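Novice: Okay, handing you the structure first.
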Amino acid sequence: MMRVAKIAAIGAAAVFAALFVGWWQVDGPGADSAPGKRSLPLTAMEFSLTDQDGRDVGPETLIGEPSLVFFGFTYCPDVCPTTLSDISGWLDEIGPDAEDLNTVFITVDPDRDTVEAMAEYVSYFHPQIQGWTGLPDQIAAIADGFRATYEKVEGENGEYTMNHTAGVFLFDATGRFVTTIDYHEPREFAVPKIRRAMQNRTERAES
Amino acid sequence: MFKTFAKAIQSLSVALLMGLPMASSAQQLSENASIVVESPWARASLGMSRPGGAYLTVRNEGSDPISLIGLRAEISGMASIHETRTNSDGVSIMAPADNIVIPPGGMFALEPGGYHAMLMQLQSPLVEGETFPLTLLFSDGTELEITVPVLGIGARGPEG
Numbered sequence: 032m033m034r035v036a037k038i039a040a041i042g043a044a045a046v047f048a049a050l051f052v053g054w055w056q057v058d059g060p061g062a063d064s065a066p067g068k069r070s071l072p073l074t075a076m077e078f079s080l081t082d083q084d085g086r087d088v089g090p091e092t093l094i095g096e097p098s099l100v101f102f103g104f105t106y107c108p109d110v111c112p113t114t115l116s117d118i119s120g121w122l123d124e125i126g127p128d129a130e131d132l133n134t135v136f137i138t139v140d141p142d143r144d145t146v147e148a149m150a151e152y153v154s155y156f157h158p159q160i161q162g163w164t165g166l167p168d169q170i171a172a173i174a175d176g177f178r179a180t181y182e183k184v185e186g187e188n189g190e191y192t193m194n195h196t197a198g199v200f201l202f203d204a205t206g207r208f209v210t211t212i213d214y215h216e217p218r219e220f221a222v223p224k225i226r227r228a229m230q231n232r233t234e235r236a237e238s
Numbered sequence: 474m475f476k477t478f479a480k481a482i483q484s485l486s487v488a489l490l491m492g493l494p495m496a497s498s499a500q501q502l503s504e505n506a507s508i509v510v511e512s513p514w515a516r517a518s519l520g521m522s523r524p525g526g527a528y529l530t531v532r533n534e535g536s537d538p539i540s541l542i543g544l545r546a547e548i549s550g551m552a553s554i555h556e557t558r559t560n561s562d563g564v565s566i567m568a569p570a571d572n573i574v575i576p577p578g579g580m581f582a583l584e585p586g587g588y589h590a591m592l593m594q595l596q597s598p599l600v601e602g603e604t605f606p607l608t609l610l611f612s613d614g615t616e617l618e619i620t621v622p623v624l625g626i627g628a629r630g631p632e633g
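Chains as they are written, first to last, in this note's numbering: chain A, 32 to 238; chain B, 474 to 633.
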């Protein structure tokens, strides 16, 4: 009788342990941060946009090299130019290695940000930075893949601004999402993150 | 070369600030003297259709709190202070900020990624190397005109 109770107790403990491990990995502290909010890998995305030179671009344009991608709009007086300046500084610090890094600014305001507008805007920053625009449904498709959001906010006199996800997305050369960099993150944190994403590619190339 | 120029403009604007109260009434003299504006700068604009952004620091050296209630600039049809915030989802939101209270001995900074002077409806482009006047309006009626140097579009701070 005692023996049966003991087995039942061990069995129950095992079930609880299994449940706990499951919870830990799926919903608990052991889970990936913000499940469902993490960007998809570039290989799982489908979108077709136009770069600053009028060329068609898509996920395949990015896969093969590590990528730094962020959303914004050229009518943005503060965060977007600040992010572009920060990124220019990071690229300067990384030096010649940065040539292997896709760095792309994607507009969430395609109505105003035409190919010409994007071309002019990015020309004021680091030459490595590209500017992509496209049809509204394609912008929506890429934002959805990145789990990024944006919305139009009407102001006075017919003016409007855009709220949008402000972080910089980092992908390795295989298109896997590595991490984000906050737009105001100091350079001493941002640059090592970029180098890490670039290293993933070196390791893969060597193996 | 440009930095030296920007610095010169900066010192010039500070000097102007110091000098301005002299020309005003005695009442304004005491009020203005307690407000110090430092390191103003603006980013060059792409033409006139996009809003411009300017930054500066206001220090309250007086013994009473003072509120920065607005801006006025000939170069802008609509100048106001805006705040950029990032919510818990990492979404950046820009909203007007009015009635900014600066405690005695305190300071308030308009800087990239935080508060900025939003210059909408530009009447002329903000050209790198040029300057423009900007007036800060305070709750006690003080109006402080400062000279803002325009830096490059990729500038990160008053030093360029």
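We treat Cβ as the ideally placed atom computed from N, Cα and C, and that holds for glycine.
Computed from a prediction, not measured in an experiment: that's the story for all the values here.
In the segment 162 to 227 of chain A, which residue ranges form an unbroken beta strand (DSSP E) of at least 3 residues, counting only runs that do not cross its ends?
Specialist: DSSP runs (the beta strand (DSSP E)) wholly in the segment 162 to 227 of chain A: 181 to 185, 191 to 196, 199 to 202 and 208 to 212.
Novice: For Thr620/B, which three-state DSSP category applies?
Specialist: In this structure, Thr620/B counts as strand in the three-state DSSP scheme.
Novice: Chain B partners of Glu91/A, CB-CB under 9 Å?
Specialist: The contacting residues do not exist; Glu91/A stays about 27 Å from chain B at best.
Novice: Rounded to whole angstroms, what's the CA-CA distance from Phe104/A to Met229/A? Just pull it up for me.
Specialist: Whole-angstrom Cα-Cα distance: 27 Å.
Novice: Quick one: grab the DSSP three-state call for Gln594/B.
Specialist: Residue state, collapsed to three classes: strand.
Novice: DSSP three-state label for Ala515/B, please.
Specialist: Strand, per DSSP.
Novice: Show which residues of chain B have a CB atom less than 7 Å away from the CB atom of Phe156/A.
Specialist: In chain order: Gly627.
Novice: Please list the partners that Val564/B has in chain A, where partner means a Cβ-to-Cβ separation under 9 Å.
Specialist: Ordered by position in chain A, the residues that pass the 9 Å Cβ test against Val564/B are Ala179, Thr180, Tyr181, Glu182, Asn194, His195, Thr196 and Ala197.
Novice: If we count the other Cβ atoms within 10 Å of its Cβ and call it buried at 16 or more, is Ser549/B buried or exposed?
Specialist: So Ser549/B counts as buried.
Novice: Given this structure, state the Cα-to-Cα distance separating Glu601/B from Phe220/A, to the nearest angstrom.
Specialist: Distance between the alpha carbons of Glu601/B and Phe220/A is about 31 Å.
Novice: Rounded to the nearest angstrom, what separates Phe177/A and Phe200/A at their Cα positions?
Specialist: Whole-angstrom Cα-Cα distance: 8 Å.
Novice: To the nearest angstrom, report how far apart Leu166/A and Asp142/A are at their CA atoms.
Specialist: Each residue's alpha carbon lies about 9 Å from the other.
Novice: Since Thr105/A meets chain B, which of its residues come closer than 9 Å, beta carbon to beta carbon?
Specialist: By Cβ distance, chain B contributes Leu519 and Arg523.
Novice: To the nearest angstrom, report how far apart Glu618/B and Leu607/B are at their CA atoms.
Specialist: Roughly 6 Å between the two C-alpha positions.
Novice: If I measure Cβ to Cβ from Ile225/A and keep anything under 8 Å in the same chain, skipping five residues before and after, which residues do I get?
Specialist: So the qualifying residues of the chain are Pro97, Leu99, Trp121, Ile125, Leu132, Leu201 and Ile212.
Novice: Looking only at its own chain, which residues have a Cβ that is under 8 Å from the Cβ of Val623/B, when we skip the five neighbours before and after it?
Specialist: Trp514, Ala515, Arg516, Ala517, Leu599, Val600, Glu601, Gly602, Glu603, Thr604 and Phe605, listed in sequence order.
Novice: Go ahead and pull the three-state DSSP assignment for Val574/B.
Specialist: Val574/B: strand per DSSP, three-state reduction.
Novice: Assign Tyr152/A to one of three DSSP states: helix, strand, or coil.
Specialist: Helix.
Novice: In whole angstroms, what separates the C-alpha of Glu151/A from that of Glu534/B?
Specialist: Distance between the alpha carbons of Glu151/A and Glu534/B is about 43 Å.
Novice: Determine the chain A residues that contact Arg516/B at a beta-carbon separation under 8 Å, and present them in chain order.
Specialist: In chain order: Pro108 and Pro112.
Novice: Leu115/A versus chain B: which residues are under 9 Å apart at the beta carbon?
Specialist: Neighbours of Leu115/A on chain B, chain order: Ile626 and Gly627.
Novice: Go through its chain and collect everything with a Cβ distance to Gln83/A's Cβ below 7 Å, but skip five positions before and after it.
Specialist: So the qualifying residues of the chain are Val146, Met149, Ala150, Val153, Gln161 and Gly162.
Novice: Starting from the C-beta of Thr557/B, find all residues in its chain whose C-beta is less than 8 Å away, skip the five residues before and the five after it, and write them out in chain order.
Specialist: Hits under 8 Å: Ser565, Ile566, Met567, Gly586, Gly587, Tyr588 and His589.
Novice: State yes or no: is the C-beta of Leu595/B within less than 8 Å of the C-beta of Gly525/B?
Specialist: It is a contact, given that the beta carbons lie within the stated cut-off.
Novice: Hey, how far is the Cα of Ala172/A from the Cα of Ser70/A?
Specialist: If I take the Cα positions, the gap works out to 12 Å.
Novice: Quick one: which unbroken alpha helix (DSSP H) runs of 4-plus residues sit fully inside the segment 94 to 132 of chain A? Chain order, please.
Specialist: The segment 94 to 132 of chain A contains these whole alpha helix (DSSP H) runs: 110 to 125.
Novice: So, is the C-beta of Gly526/B closer than 8 Å to a C-beta in chain A?
Specialist: By this cut-off, Gly526/B is an interface position.
Novice: Applying a beta-carbon distance threshold of less than 8 Å, which residues of chain A neighbour Gly586/B?
Specialist: Here the neighbours are Asp109, Val110, Thr113, Tyr214 and His215.
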